[in-house]
Amino acid sequence: MADASTVAELVNISVDGRPVEVPPGTLVWDACEKAGIFVPVYCAHKKLEPVAVCRMCLVEVEGLPKLQPACATRVAPGMVVRTQTEQVRKFRDGNLEFLLLNHPLDCPVCDRGGECDLQDFTQRYGPGRARSSITEKVHFDKAVKLSDKIMLDQERCILCWRCVRYYEEITGEREIVLQERGVHTVVDSFERQPLQSQFQGNLPEICPVGALTHRQYRFRARPWDLRRTASVCSHCSYGCNIFVDAREEQIARYASNDNPEVDDSWLCDQGRYGFPELNRPERVINPEARVGGLRQAVSYQDAVARAAGALLRVRGDHGGTSVGVLGSPRMTNEEAFVLQWLAREVIATPHVDHRYEPLEGISPEQFRLGIAELEGCDAVVVIGDRPERLSPVLTLRLYKVANKLGRQILRVPETFSAAQVVKQLPAAGRIGIVAAQADRAAAMGLRAKAGSAGREAAVLTITEAVNSRGCQDLGLLPNVGPGYRSLEHSGLFGRQLLEAAVAGQIKALLVVGDGADFEAEGLFHEALAKVDVAVVVTAWQGVASRAATVLLPGRTIAEKAGTVTNTEGRVQRVRTAVEPKFTFPSDLRILGDLAAGLGSDLGVQALAAPVFELLAAAVPAYRGCQAGLRAHWEPGS
Amino acid sequence: MDDEKVLTRHLGAPGLTTVGGYEKVGGYQGLRKAIQMGPEAIVAEVKASGLRGRGGAAFPTGTKWGFLPKDVFPRYLCVNADESEPGCFKDRVLMEEFPHQLLEGVLIAAYALQVTHAFIYIRGEYRFQRELLERAAKEAYRAGYAGKGVLGTKWDCELIVHGGAGAYICGEETALLNSLEGRRGQPRLKPPFPAVKGLYGQPTVVNNVETLSNLPYIVTEGGARYAALGTEASPGTRLFCVSGHVERPGTFEVPMGKTTFRDLLELAGGVWRGRQFKAMQPGGGSMQVLGPQHLDVPLDFKAVAEAGSSLGAGALVVMDDSTCLVDVASRLVDFYRHESCGKCVPCREGTYFESELMHRLEAGIASRAELAELSDICANMEGRCFCPLGDTATWFVMSALRMFPEEFESHCGAGRCPVRAGSEVAA
Ligand SMILES: Cc1cc2nc3c(=O)[nH]c(=O)nc-3n(C[C@H](O)[C@H](O)[C@H](O)COP(=O)(O)O)c2cc1C
Ligand code: SF4
Ligand code: SF4
Ligand code: FES
């Protein structure tokens, strides 16, 4: 985007003697950062408007008699900024003394101990010793249950206003307010009503101290006990970037990892607090096989050999088309690609899917619009409430588009008249259309209508689950091959495939992944009971694991390495954040070994990186995208 | 003194709080004339008068008006009637005695600035004055001076009287705007300044009651004549509230520049009970203390600044020789602690720190190290706060400490207040 700021002349300023060049309008704080100079801040936050209330960032600006807040002062040509002078140092000490005056100093029992800006800056700048005879502190409520998710300690609060501004600027919900004044000022929920927002989990993260904490994480761990891994939230298809913080191979919390293109640093509570799902103890931890009617533990090699043998036998007796292959929208791209290859090329069956319900009439054009590109739209039409229910963080991007950028957001019901909607749109400009995948036909219809009315329209389709998009792109579907290649013969969709199994046409099932899409379906149960062979690779005990004739322990998404594709087609890495309780090969290796047992060779090592090269050769849109780029699909179709 | 008066020139005329009474002394002629002159000529006249804001900052009124961006409408006028400065009660007099003079001033300013909505933000505790103003505004509407088509012109002007909720900070212009909008009374980040983005995000002028009450005179008699009442550097007249240890506390209108503090003290009957003058605060609770050596300083912006203080909001608080300055400082700091809005750290925590130390000092239990600590805390507040409230919370303490160091030192470790002990005056 070649906007005014890149065209306008840069401003030269100096920070502590270092020259730095920044666009006009840049905040001194940002210019300092660019010059490599750290300025301590409490109230300032990259995603919030400056308020300059904490005064921690005061610096000297030549020619001005008073110290200036770096967080709220804009650069001017030739500005000379000094951040390390005696004056600045003295005030920083003094300001920290002020902040600590009424602070409870209960770091030893505070969740934020070790990752608290008050602790850190006091270490770095603080006066070093207490001098005051004033020991009486103003007291507040130390354990306000703001909701079932958030705890507030009003004594630890340094009144940076970030939480209040977060609600004002980012969600628009205004659930936290400032009350009283002077040294009695506190933040609290409005009239102590429980917070309702679906985005509360961001509060403890923007709070610079231990005033707002996650009840889920309260007293659970110390930051230095945690191992941090950058990954992707597995709750939905939006692909928010996260850090997985683990302690003793259990996930202790998710934290946001700002990706301005995707999450803009915010997570929804369903995603953030959803990980206990992955910590559940009901795991499959040993390879097992039915030997003479009885299931028993077997060696990994034995299990693979038995699985391959059984599948070969069914194929030999009834043909490849008597085998059904089911994956999961929570598989990685690498697994999905290998699984569809295993089905089509090795087992020679067209019956492969990753979902229960059929998905027809899909094309890359339905995914043309990117998440951040919503900000470039003059108006955005949102079809129904499904998109935001599927991917709650989308709501925050839409709020930004409406509130901060002042663009029109048009929410229409799932059934609507495209002609009527087009009439309500701006006369010209770019139109974004957001729809759940279930409403893709309506979205494409509206796009066509808007297009013929002279608007440039593009669609952002919200898929289900973390990697349904990748599974679709890579052909883990019976009706399209990798890269949406059309097929000579379509196979059966998930549900149909299970029906065929119940009817006796499908004799063997290969089920890989967490099975969550199928586990709740009675049909799945029946099909598994009916087939002669059920090879199951899963992390979880459940219908599939119990019915398996051969069972191999799979990994959860937190235990895997690979890539997943978010709903807008961004290919992002998931990394192993915790190790499983067993040492058997990864799901991807299992698929490679199974192929080998069936007499085929993948051609590369069954590891994420080489397999990605393999799939990118088959689906050129993915080439070079493994580090977070959107797959680039040729226009058309 | 028999100098010409501006604000109080009609004092004593019957029925001044009614439209009729006010009209009898020439009331609303200024507005009629202003409408004939047109906006530009009014602004020129105000500039010629040299009128400077009477709310405390003494910013030239004509210049302030000139900051409004051209062609951005609606614009708003806010009248600052929050008068909460300790020792200050002159706006109250103007509203009680001359409500129509104020309304006429407001309407003249509104016409000059092409404003159609003028808000009068009045201190919450001024309930009687608020009712009085509301009544006066109703009358002005009825007489055709306000409302739709003022005096038969196409110009509409609504007058809205809004009561505050009892916060000193809401006298600060941007906090006033927040409060008026129904938000928390706290100052806003500047820029943008109110002239560019004020009430409801629109260009706004905030002026003090006294500032605007001068306008009927300036328009009818001319800016030059107004200016000549004072000196070149300090034009016009000004109301001063004299209180404290004087025989006849009250509000006095005097020419600027030509009058001295001693003159003001005399107007108020001199120091009471035959006592000696000890100290004074020339501009209300916020300003630095001055001593006997400053009594002959004229009421001139520059001269008072050179003496180390400011005329602030025009309130002279006189202290006699029985006064303990540590006690006064302690009470003033308590005021700021109570009134700090809580927005910024150095003011919120600093005023608490300061007041706790002052209590110890006044009780005679603080050490000399704590006295040094007090200065250091003040240094960490002054010029570091978000708005002037926090800065001014240090001014009296620091100036008193500079001027009367022995008095502060004698408190250290004394076990009680050495000044008040033995004094019969329970201050
Ligand atoms: C803490 C604080 C309190 C103030 N209180 C008042 C007040 O009560 N009345 C007032 O007119 N101005 C007050 N002011 C000054 C106003 O901010 C503003 O400068 C003034 O209303 C402008 O009017 P003027 O230009 O006519 O003086 C206060 C300023 C501060 C910083
Ligand atoms: S609770 Fe945290 S984020 Fe909110 S004002 Fe207090 S310190 Fe800032
Ligand atoms: S100095 Fe700070 S805390 Fe004090 S009144 Fe101003 S903004 Fe509020
Ligand atoms: S970070 Fe600048 S004032 Fe708080």
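Protein sequences, first through last, are from chains C and P.
Going by my numbering, 42 is the number at position 42 of the first sequence; the sequence numbering is gapless.
Going by my numbering, 19 is the number at position 19 of the second sequence; the sequence numbering is gapless.
Here a beta-carbon is modelled for each residue, glycine too, at the ideal position from N, C-alpha and C.
Check                                                                                                                                                                              : Outcome
With respect to the alpha helix (DSSP H) encompassing asparagine 279 of chain C, which residues constitute its N-terminal and C-terminal limits?                                   : 276-279
Cα separation between serine 234 of chain P and phenylalanine 335 of chain P?                                                                                                      : 31 Å
Under 8 Å by Cβ, that's how I've got valine 434 of chain C and isoleucine 362 of chain C pegged, so tell me the actual separation to the nearest angstrom.                         : Incorrect: roughly 16 Å between the Cβ atoms, too far for contact.
Show which residues of chain C have a CB atom less than 8 Å away from the CB atom of tyrosine 22 of chain P.                                                                       : Going along chain C, no residue has its Cβ under 8 Å from tyrosine 22 of chain P, so there is no contact; the nearest lies around 39 Å.
Is the Cβ-Cβ distance between tyrosine 126 of chain P and glycine 163 of chain P less than 9 Å?                                                                                    : yes
Mapping the DSSP letters down to three states, classify proline 194 of chain C as helix, strand or coil.                                                                           : coil
Of the choices C:Arg129, C:Pro104, C:Ala438, whose alpha-carbon is the least far from that of glutamate 357 of chain C?                                                            : C:Ala438
Just the C-alpha distance for asparagine 214 of chain P and valine 46 of chain P, rounded to the nearest angstrom, thanks.                                                         : 10 Å
Is any heavy atom of ligand 2 found at a distance shorter than 8 Å from the C-beta of alanine 211 of chain C?                                                                      : yes
Does the beta carbon of glycine 361 of chain C come closer than 9 Å to any beta carbon on chain P?                                                                                 : no
By DSSP, does valine 183 of chain C sit in helix, in strand, or in coil?                                                                                                           : helix
With respect to the alpha helix (DSSP H) encompassing arginine 295 of chain C, which residues constitute its N-terminal and C-terminal limits?                                     : Here arginine 295 of chain C belongs to no alpha helix (DSSP H); instead the beta strand (DSSP E) covers 294-297.
Report, in whole angstroms, the separation of the C-beta atoms of valine 88 of chain C and threonine 73 of chain C, which I expect to be a contact under 8 Å.                      : 14 Å between Cβ atoms; not a contact.
Report the option in P:Val246, P:Asn208, P:Glu407 whose CA atom is closest to the CA atom of aspartate 91 of chain P.                                                              : P:Asn208
Taking the alpha-carbon positions, what's the leucine 239 of chain P to arginine 112 of chain C distance?                                                                          : 56 Å
Report the rounded CA-to-CA distance for cysteine 417 of chain P versus glycine 50 of chain P, giving the unit in angstroms.                                                       : 47 Å
Tell me, please, whether the CB atom of alanine 31 of chain C is closer than 9 Å to any CB atom in chain P?                                                                        : no
Can you find the residues in the same chain that come closer than 6 Å, C-beta to C-beta, to cysteine 341 of chain P, ignoring five residues on each side of it along the sequence? : Ile169, Gln186
Under a CB-based cut-off of 9 Å, is serine 5 of chain C close to chain P?                                                                                                          : Low confidence applies to serine 5 of chain C: its pLDDT is 48, below 50, so where it sits in the model is not reliable enough to give any reading.
Please report the straight-line C-alpha distance between alanine 48 of chain P and arginine 225 of chain P, rounded to a whole angstrom.                                           : 9 Å
Just the chain C side, please: which residues come within less than 8 Å of proline 346 of chain P by C-beta, in chain order?                                                       : Arg55, Gly94, Asn95, Phe98
For the pair the segment 265-283 of chain C and the segment 608-623 of chain C, tell me if three or more CB-CB distances fall below 8 Å.                                           : no
Confirm, please, whether the CB-CB distance from alanine 379 of chain C to isoleucine 431 of chain C is below 9 Å.                                                                 : yes
For chain C, check one thing: does any of its Cβ atoms lie closer than 9 Å to the Cβ of asparagine 207 of chain P?                                                                 : no
Is there a C-beta anywhere in chain P that falls below 9 Å from the one on isoleucine 158 of chain C?                                                                              : yes
So is the beta-carbon of tyrosine 226 of chain P under 8 Å away from any non-hydrogen atom of ligand 1?                                                                            : no
Does DSSP put glutamine 541 of chain C in a helix, in a strand, or in coil?                                                                                                        : coil
Would you kindly work out how many angstroms separate the C-alpha atoms of tyrosine 141 of chain P and leucine 107 of chain P, rounded to a whole number?                          : 11 Å
Do glutamine 186 of chain P and ligand 3 come close, with the Cβ less than 8 Å from some heavy atom?                                                                               : yes
Hey, is asparagine 259 of chain C's beta-carbon within less than 9 Å of any beta-carbon in chain P?                                                                                : no
Do serine 237 of chain C and alanine 556 of chain C have their beta-carbon atoms positioned less than 9 Å apart in this structure?                                                 : Just to set this straight, residue 556 of chain C is threonine in the shown sequence, not alanine. It is not a contact, given that the beta carbons lie outside the stated cut-off.
Would you say valine 115 of chain P and leucine 77 of chain P are within 9 Å of each other, going by their C-beta atoms?                                                           : yes
Quick one: which chain C residues come within Cβ less than 8 Å of arginine 189 of chain P?                                                                                         : It should be noted that the sequence gives leucine, not arginine, for residue 189 of chain P. Those within 8 Å of leucine 189 of chain P in chain C are Pro50, Val51, Ala52, Ala72.
Give the straight-line distance between the Cα atoms of glutamate 424 of chain P and arginine 273 of chain P, rounded to the nearest whole angstrom.                               : With a pLDDT of only 46 at glutamate 424 of chain P, under the threshold of 50, the placement of this residue in the model should not be trusted; the figure read from the coordinates follows. If you take the alpha carbons of glutamate 424 of chain P and arginine 273 of chain P, they lie about 12 Å apart.
Grab me the residues of valine 150 of chain P's own chain with a C-beta within less than 6 Å of its C-beta, minus the 5 sequence neighbours each way, in chain order.              : Cys157
Any heavy atom of ligand 3 within a distance shorter than 8 Å of the CB on arginine 575 of chain C?                                                                                : no
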